[in-house]
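Below is one structure; the comments refer to it alone.
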Amino acid sequence: MRGGPLRVLGPFTTAAALCLCLCACAATAQYGDPAAQETLTIDFGSTDLQGIAEQMVGSLLASPLVQEGSRPVVIVGRIVNRTDEHIDTRSVADKIRTTLLQSGRVRFVADEVRDEVVRELDYQAGSGLVDPATRKRLGHLVGPGYVMTGRITSIRKTAGRKTDLYFLFTLEVVELETGLIRWSAQKEIRKAAKTPLVGW
Amino acid sequence: MRAAQPAFALVATAVLLCAAACSTKVEYGDPDAVETLTVDFGSTDLQMIAEKMVRSLVSSPVIQQRTRPVVQVSAVTNKTNEHIDTRSITDKIRTTLIQSGQVRFSAAEVRDEVLRELEYQRGSGYVNPESRKQVGKQVGADYLLTGEITSIAKQRGKVRDVYYKITLNLVNLETGLIDWADEKEIRKGER
C-alpha cells in the first residue's frame with residue numbers, strides 16, 4: 123500500500139508542469155522566407171508590396187522610355203496613400219527604385235538627402251577646413267529628366283463574415299520639361315477574407 | 332504516517348517547480364548565435380543586414396572602380412513601429428568596411444570636436460608648433476550613406492508576422508545621383 127494513487131500522480135504532475143512551463147517559456151519566434159506569400163490578415167502586406175514593385179519594374183524596364191539606352195535620370199516624387207489603412211508608400215517606392223537602380227538602366231537622384239548634399243558641398247567649399255584637392259565641385263548635380271509619382275487606392279467591402287479588399291496602385295513617370303506623362307502602369311490586387319464562426 | 336508520504340512528494344514537487352520557475356540564471360552566450368526570443372528586431376537581424384550590405388557594397392563597381400572612396404554616414408531613418416538604433420547598424424557596416432581596407436570614412440559626427448582640437452593646437456599657445464596639425468587638410472567625402480528601415484507588423488490572435496525591409500543608398504556628392512543601392516528583407520513569425 124506504500125504507493126498510493128497520489129504517489130504515482132506526483133512525478134506525473136511534475137512532468138506535466140515542467141512540460142507546460144517549457145512550452146510557455148520556449149522561444150516561439152522563427153525566421154521565415156521574406157518572399158513567401160503572407161496572408162495572415164487581409165491588410166496590406168509584404169506580398170502586396172512585392173507584387174506591386176515587381177509589376178512596376180517589369181513594365182518600366184519594357185517601356186520605350188528605358189529601352190532607348192539613355193539611362194534616364196528619375197526623381198521619386200510623392201506616392202499618395204488614399205486607402206483606409208496605414209501604408210508606407212515610400213517603402214514601395216524604395217523597392218521599385220532599388221530594383222531599377224540595380225538593373226543599371228535607370229538612374230535616380232537622391233531626393234531625400236538633397237539638402238544634406240548641399241550642406242556637405244558648402245562645408246567642403248566654404249569651411250576652409252577641407253583640402254582643396256579633395257573638394258567636390260559645385261554645380262555638377264545631375265538634373266532629373268523625370269519625376270515618378272503615383273497613388274494607391276482601395277475599395278473594402280464587408281458582408282457578414284466576408285470581406286473583399288481591392289487595391290489599385292498607379293505609378294506615373296512625368297517628363298519634367300513637357301509635363302507630360304511618359305509612362306504609366308497599374309497593379310490591381312484582390313484579397314478576400316472569411317472570419318470563422320468560432321475563433322478569430 | 333502513510334498519508335504524509337504523498338503529501339511530502341507533492342510539496343517537494345511544488346518546491347522544485349518554484350525553484351525552476353523563480354530563480355533567475357544568467358549566463359554568457361555566443362553573440363553570433365541566432366536569437367529568436369521574440370519577434371522584435373534583434374541582434375541577428377542587425378548582423379544579417381550588415382553582412383548583406385557589406386558584401387553587396389564591397390562587390391559593387393562603386394568600390395571596385397574607385398580607389399578607396401571616402402564615405403560619410405548619414406541618417407538611416409527608422410520608420411518601423413518599434414525602437415531600433417539604426418546607428419548601430421551603420422556602425423557595424425562602417426567598422427567592417429574600414430577593416431576591409433577598401434573604403435574610407437570621414438567622421439562627420441565629431442566634426443565640431445576636430446575643429447575645437449585644431450583651434451586648441453593652434454591658438455592655445457600650449458602645443459609644440461612642430462606637432463601642430465595643419466588646418467585645411469580634411470578629406471572631402473565622395474559619398475553619403477543613407478537609408479531607411481520599414482516594417483509591416485501583423486497579428487491575428489496569437490500569431491504574429493513581421494516583415495522588415497532595410498534600404499541603403501550611396502549618394503554621389505558631386506552629382507547627387509544614387510550610385511549604389513541595396514535592400515535586405517527579413518521575415519519573422521511567432522505563434
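Each protein sequence line maps, in turn, to chains A and B. To convert a position in the first sequence, counted from 1, into this note's numbering, add 122. To convert a position in the second sequence, counted from 1, into this note's numbering, add 331. No residue lacks a Cβ here, since even glycine has one placed at the ideal position from N, Cα and C. This structure is a prediction, so every number in the text was calculated from the model and none was measured.
Chain B partners of residue i, CB-CB under 9 Å?
i, result
"lysine 313(A)", "By Cβ distance, chain B contributes nothing, its closest Cβ being about 13 Å from lysine 313(A), past 9 Å."
"leucine 251(A)", "Arg442, Val445, Leu446, Leu449, Val466, Gly467, Lys468, Gln469"
Run through chain A and tell me which residues come within less than 8 Å of residue i, C-beta to C-beta.
i, result
"valine 370(B)", "Ala151"
"lysine 356(B)", "The contacting residues do not exist; lysine 356(B) stays about 12 Å from chain A at best."
"valine 502(B)", "Ala232, Val235, Val239"
For chain A, is any of its Cβ atoms less than 8 Å away from the one on residue i?
i, result
"leucine 388(B)", "no"
"glutamate 514(B)", "yes"
"glutamine 378(B)", "no"
"valine 490(B)", "yes"
"threonine 398(B)", "no"
"arginine 522(B)", "yes"
"tyrosine 494(B)", "yes"
"alanine 472(B)", "yes"
Give a yes or no on whether the minimum CB-CB distance between residue i and chain B is below 8 Å.
i, result
"glutamate 176(A)", "no"
"glycine 154(A)", "yes"
"tryptophan 263(A)", "A small correction: the amino acid at residue 263(A) is leucine; tryptophan does not occupy that position in the sequence shown. Cβ-Cβ to chain B under 8 Å: yes for leucine 263(A)."
"lysine 258(A)", "yes"
"alanine 184(A)", "no"
"arginine 273(A)", "no"
"leucine 223(A)", "yes"
"arginine 236(A)", "yes"
"leucine 319(A)", "no"
"leucine 187(A)", "no"
At the level of alpha carbons, what is the spacing between residue i and residue j?
i, j, result
"leucine 293(A)", "alanine 315(A)", "27 Å"
"valine 470(B)", "aspartate 244(A)", "14 Å"
"alanine 406(B)", "leucine 475(B)", "9 Å"
"serine 462(B)", "arginine 425(B)", "29 Å"
"valine 239(A)", "arginine 229(A)", "17 Å"
"glycine 520(B)", "threonine 417(B)", "22 Å"
"isoleucine 497(B)", "threonine 300(A)", "35 Å"
"arginine 435(B)", "threonine 398(B)", "10 Å"
"isoleucine 509(B)", "glycine 478(B)", "11 Å"
"valine 357(B)", "alanine 151(A)", "21 Å"
"alanine 439(B)", "glutamine 430(B)", "19 Å"
"proline 186(A)", "histidine 414(B)", "44 Å"
"aspartate 237(A)", "glycine 507(B)", "10 Å"
"tyrosine 153(A)", "serine 374(B)", "13 Å"
"alanine 472(B)", "valine 402(B)", "6 Å"
"alanine 281(A)", "alanine 158(A)", "29 Å"
"glycine 173(A)", "serine 354(B)", "49 Å"
"valine 269(A)", "isoleucine 197(A)", "5 Å"
"threonine 275(A)", "serine 192(A)", "32 Å"
"aspartate 170(A)", "tyrosine 494(B)", "12 Å"
"glutamate 310(A)", "glutamine 177(A)", "10 Å"
"glycine 248(A)", "serine 213(A)", "35 Å"
"glycine 454(B)", "lysine 464(B)", "12 Å"
"leucine 223(A)", "glutamate 234(A)", "16 Å"
"lysine 515(B)", "leucine 428(B)", "18 Å"
"lysine 284(A)", "valine 490(B)", "21 Å"
"proline 362(B)", "phenylalanine 291(A)", "42 Å"
"valine 320(A)", "arginine 487(B)", "14 Å"
"isoleucine 420(B)", "proline 318(A)", "42 Å"
"isoleucine 218(A)", "valine 179(A)", "6 Å"
"leucine 388(B)", "proline 400(B)", "12 Å"
"glutamine 378(B)", "leucine 501(B)", "20 Å"
"leucine 368(B)", "histidine 262(A)", "50 Å"
"valine 393(B)", "glutamate 382(B)", "18 Å"
Give the interface partners of residue i over in chain A, defined as CB-CB distance under 9 Å, in chain order.
i, result
"lysine 519(B)", "Ala151, Gln152, Tyr153, Gly154"
"threonine 477(B)", "Ala232, Glu234, Val235, Glu238"
So with CB distances below 7 Å, who are the chain B contacts of residue i?
i, result
"valine 329(A)", "What the structure shows of chain A is the stretch from 123 to 322, and residue 329(A) is not part of that stretch, so it cannot be assessed."
Going along chain A, which residues have a C-beta under 7 Å from residue i?
i, result
"isoleucine 483(B)", "Gly167, Ser168"
With 8 Å as the C-beta to C-beta threshold (strictly closer), list the residues of the stretch 203–219 of chain A near chain B in chain order. Asp210, Arg212, Ser213, Asp216, Lys217, Arg219
Alpha helix (DSSP H) runs contained entirely in the stretch 203–234 of chain A, provided each spans 4 or more residues: 211–225
Any C-beta of chain B within less than 8 Å: which residues of the stretch 157–168 of chain A qualify? Ala157, Ala158, Glu160, Leu162, Thr163, Asp165, Phe166, Gly167, Ser168
Quick one, which residues of the stretch 401–433 of chain B are near chain A if we go by CB-CB under 8 Å, in chain order? Val401, Gln403, Ser405, Lys410
What residues in the stretch 283–309 of chain A bring their beta carbon closer than 7 Å to a beta carbon of chain B? none
To test your reading of the DSSP string, which unbroken beta strand (DSSP E) runs of 3 or more residues are found completely within the stretch 356–409 of chain B? 401–409
Just to confirm the assignment: which complete beta strand (DSSP E) runs, minimum length 3, are found wholly within the stretch 234–303 of chain A? 268–281, 284–297
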